[in-house]
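Read the structure below first, then the notes.
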Amino acid sequence: MHEFADKPTYAAVTLLMLAALLSGMVCAPLSWAMTPKEQFYHAEKAYTALKKNPRHQKYRDKWLACIEKFKGVARLDPSGPWAAAGLYRAGLLYLELHKRSYLAADQSEAVDVFQRIIRQFPDSRYTSKSQAQLKALGKPATPPETVAAGRHLKKAHAAYNDLLSSATRKKYRDQWQRCIGHFQVAHRADPRGPHAAEALYMVAVAYRGLADASHRSADRDTAADYFRRVQREFPGSPYAGKAADELKPTSVPVAVASAVDPPDPLAAMINRSGTAPSGLTQQKGPVGAGRVTVQGLRFWSNPSYTRIVVDADQETRFTHRLLKKDPSIKKPQRLYIDLSNSRLGKDIKKFIPINDELLSDARAGQYTPESVRIVVDIKSFKNYKIFSLKNPFRIVLDVWGMETGKTAKKPYTAPLPPTNGKLPPGAIARQFALGVSRIIIDPGHGGKDYGAPGYRKGVHEKHVVLEIAKRLARKVERELKCDAILTRTTDRYLTLEERTAIANTQNADLFVSIHTNAVRDHRAYGIETFFLNLATDDDAIRVAARENATSAKNISDLESILNDLMQNAKINESSRLAAMVQEEMCLHLKKRGYSDIRSKGVKQAPFYVLLGAQMPAILVETSFISNPRECKRLTSAKYQEALCDGIIHGIRQYIKDTLPTAFVQPPTAKNRQG
28 MHEFADKPTY AAVTLLMLAA LLSGMVCAPL SWAMTPKEQF YHAEKAYTAL
78 KKNPRHQKYR DKWLACIEKF KGVARLDPSG PWAAAGLYRA GLLYLELHKR
128 SYLAADQSEA VDVFQRIIRQ FPDSRYTSKS QAQLKALGKP ATPPETVAAG
178 RHLKKAHAAY NDLLSSATRK KYRDQWQRCI GHFQVAHRAD PRGPHAAEAL
228 YMVAVAYRGL ADASHRSADR DTAADYFRRV QREFPGSPYA GKAADELKPT
278 SVPVAVASAV DPPDPLAAMI NRSGTAPSGL TQQKGPVGAG RVTVQGLRFW
328 SNPSYTRIVV DADQETRFTH RLLKKDPSIK KPQRLYIDLS NSRLGKDIKK
378 FIPINDELLS DARAGQYTPE SVRIVVDIKS FKNYKIFSLK NPFRIVLDVW
428 GMETGKTAKK PYTAPLPPTN GKLPPGAIAR QFALGVSRII IDPGHGGKDY
478 GAPGYRKGVH EKHVVLEIAK RLARKVEREL KCDAILTRTT DRYLTLEERT
528 AIANTQNADL FVSIHTNAVR DHRAYGIETF FLNLATDDDA IRVAARENAT
578 SAKNISDLES ILNDLMQNAK INESSRLAAM VQEEMCLHLK KRGYSDIRSK
628 GVKQAPFYVL LGAQMPAILV ETSFISNPRE CKRLTSAKYQ EALCDGIIHG
678 IRQYIKDTLP TAFVQPPTAK NRQG
């Protein structure tokens with residue numbers, strides 16, 4: 028009887044679930060079809076209901092749901108008149124939430140929203156309201172990233188004007204590329220800020236200048252791509268109109284490059300003979316049940332380094348071969364990568380002009396019905412490496428050229444004192460060191476990648492590490508007098524391989540990636556610092572697997588390629604930097620009065636984000652966001668400041684150890700006369 032009586036209950040539950048599902052399907056299009064104005068009043072209605080319900084006001088998720096509704100107004104029409112109104116209400120709700128949660132992150136979100144309104148909607152009446160809110164909070168109306176972008180843009184214009192004034196320098200490609208790099212740094216510092224449209228427009232202008240000097244259609248195509256990007260990303264900006272004028276048809280002929288090399292005699296000969304004088308390497312990997320789709324090509328470049336990434340939707344085997352230059356068939360030196368069981372994606376850009384000092388371009392084509400070939404035309408190179416990463420699967424090609432001089436200002440360095448006897452550890456680095464002038468700070472995760480969830484509801488790694496990274500960048504510039512470049516300044520997604528590429532193409536001297544640790548056991552706590560090498564223990568494998576967004580098995584597979592990569596990695600220097608940062612962080616936190624500071628030490632593991640870094644590189648796990656005490660600390664501005672002070676002390680110690688006279692003040696004219 029009991030069993031029978033239960034059956035109608037199951038049926039009723041099933042019917043209720045179906046009804047809910049159907050109602051969601053019916054109602055969903057209504058919300059999707061809302062205008063920005065309707066969405067705003069829909070959000071207002073939800074907020075009014077929340078104010079009338081004291082019980083709901085106790086729950087964080089209820090506040091966040093309202094905030095998301097107001098943010099939805101801006102998502103519907105990012106440049107429209109209702110966007111600023113929705114964002115302003117979202118900012119006010121973050122402040123209301125902060126009064127209840129006491130989380131610094133909530134107030135920081137409000138500040139970010141108000142500053143975003145000021146940057147993106149300068150003519151809106153909500154700009155003055157936002158400025159008043161920021162003044163009441165004691166926060167600057169102009170965020171630090173906007174200030175940094177303005178500074179970088181000023182430097183870029185100075186470099187550009189200097190280049191235009193020199194008829195000789197205008198003839199050299201690397202001079203144009205350095206200038207382009209300056210404008211790209213300005214854009215990346217604040218990609219949605221008031222200087223972003225101008226910086227991106229000037230990238231296009233500089234590429235056009237390069238095209239006039241090089242007479243290469245690929246350079247002109249790149250300039251056109253950037254002008255179109257200005258129109259697409261900043262439609263309301265005056266620079267969009269300028270970009271449109273630049274894109275008007277001209278009489279300049281534009282050559283069209285072939286999508287991919289046809290099967291050439293040299294490649295066919297090598298395939299038949301099975302030998303390759305320049306070297307053949309095959310990378311093994313499981314072949315998926317279905318055909319692999321090659322989804323795109325990406326690249327980052329400077330005069331002495333280029334990284335190309337081939338994206339695919341699943342893992343597959345691939346081979347790569349270096350072909351010698353063959354004047355008889357008018358072919359330059361080439362490197363090609365063949366992906367088996369593969370096909371080209373429908374919308375893939377088959378040709379990407381690179382045109383740096385090392386490579387001309389990269390092309391993708393359906394070489395056979397079962398394989399895709401990526402061809403890279405080479406001008407010159409010193410060395411190259413190819414490796415693959417997983418989840419998602421991608422093939423990374425790093426190409427290095429001869430070292431070029433850095434244009435960044437170096438700190439004053441007095442002559443090194445003479446030494447006798449054996450060289451101490453790091454002495455070789457000291458003898459060849461040029462000082463540290465540019466540091467890349469990499470806030471982990473971002474955008475769709477939230478990182479580890481905090482013990483406190485609503486706290487996520489991506490937000491915490493961005494706050495820490497911004498504080499650290501300000502201290503690097505103020506206290507170390509070095510350039511600080513953030514890989515991201517907003518909540519945006521970056522691939523792991525892109526972060527290292529930014530560091531390499533910006534000629535950075537140090538790379539510091541900021542993260543928070545997490546495990547299921549909430550009792551775990553402590554601070555640890557990693558550098559790239561084979562994993563030392565299971566715990567290191569676990570951390571690397573989480574940060575790489577992959578599995579422990581894939582970490583073991585990855586170690587098989589590390590021996591080759593280690594030839595270029597700064598292992599010893601990274602180890603020294605990690606040790607000094609780890610020691611100073613823990614010491615500094617203890618001095619600030621924080622109890623239960625546990626140093627988990629310096630460890631090594633194969634982190635994707637550190638692969639291919641051409642400078643000492645470390646990954647700092649600042650604390651356990653999964654631990655109640657440390658999660659609370661990580662959201663505290665005071666604790667973040669103390670952490671950053673410790674990291675700064677560690678970097679300063681590393682610089683002084685590497686180059687003892689790095690922080691010696693240059694002699695004044697008066698001292699020299701004495």
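Per our numbering, the sequence shown runs over residues 28 to 701. Virtual Cβ for every residue (Gly too), placed ideally from N, Cα, C.
Extent of the continuous alpha helix (DSSP H) run through residue i
| i | result |
| --- | --- |
| K409 | Unbroken run through K409: none, as it is neither H nor E. |
| F261 | No alpha helix (DSSP H) holds F261; DSSP gives it neither H nor E. |
| F210 | R200 to A216 |
| F67 | P63 to K78 |
| S128 | A110 to S128 |
| I682 | A664 to T685 |
| L237 | A223 to S241 |
| I94 | R87 to L103 |
| D272 | P265 to E273 |
| L616 | I598 to K618 |
| L638 | Unbroken run through L638: none, as it is neither H nor E. |
| M495 | Per the sequence shown, the amino acid found at residue 495 is Ile instead of Met. Start and end: E488 to E506. |
| P655 | P655 to L661 |
| E525 | L523 to T532 |
Test item: CB-CB of residue i and residue j under 8 Å
| i | j | result |
| --- | --- | --- |
| E657 | Y552 | yes |
| I541 | V402 | no |
| S601 | P643 | yes |
| A76 | I94 | no |
| H487 | G474 | no |
| I678 | T543 | no |
| K489 | D510 | no |
| F408 | W427 | yes |
| H214 | A226 | yes |
| I512 | T649 | no |
| K377 | G392 | yes |
| Y666 | M607 | no |
| L638 | L559 | yes |
| L385 | K406 | yes |
| E112 | D104 | Before going further, note that residue 112 is Ala rather than Glu in the sequence given. No. |
| L380 | T249 | What sits at residue 380 in the sequence shown is Pro, not Leu. Yes. Within cutoff. |
| R259 | R146 | no |
| S369 | V336 | no |
| L738 | R87 | Only positions 28 to 701 of the chain appear in this structure, which leaves residue 738 out of reach. |
Distance between beta carbons of residue j and residue i, contact taken as under 8 Å
| i | j | result |
| --- | --- | --- |
| A175 | A216 | 5 Å |
| W203 | L237 | 4 Å |
| V140 | Y121 | 7 Å |
| Y228 | K269 | 6 Å |
| R361 | D404 | 6 Å |
| K96 | A73 | 5 Å |
Range covered by the beta strand (DSSP E) that runs through residue i
| i | result |
| --- | --- |
| Y394 | L386 to T395 |
| W327 | V319 to N329 |
| H347 | F345 to L350 |
| D338 | Y332 to A339 |
| S540 | L537 to N544 |
| T556 | I554 to L559 |
Euclidean distance between Cα positions of residue i and residue j
| i | j | result |
| --- | --- | --- |
| S241 | L537 | 33 Å |
| L493 | T169 | 17 Å |
| K502 | P221 | 24 Å |
| A101 | P149 | 15 Å |
| L124 | D246 | 50 Å |
| G485 | V212 | 32 Å |
| R348 | Y411 | 12 Å |
| R344 | P63 | 48 Å |
| D684 | L371 | 51 Å |
| A282 | F254 | Bear in mind that the predicted position of A282 carries a pLDDT of just 38, short of 50, making it unreliable; the figure below should be weighed with that in mind. Answer to the nearest angstrom: the Cα atoms are 19 Å apart. |
| A295 | F326 | Because the pLDDT of A295 is 43, which lies under 50, any placement of that residue in the model is unreliable, and the number read from its coordinates should be weighed accordingly. Going from the Cα of A295 to the Cα of F326 covers about 28 Å. |
| P419 | R515 | 21 Å |
| I422 | G208 | 25 Å |
| K357 | V257 | 37 Å |
| D201 | F261 | 29 Å |
| A92 | T333 | 44 Å |
| A251 | V629 | 48 Å |
Min CB distance residue i to chain B below 8 Å
| i | result |
| --- | --- |
| I379 | Here chain B cannot be found, since the structure has a single protein chain. |
Alpha helix (DSSP H) runs wholly inside the stretch 132–171, at least 4 long, in chain order: 152–164
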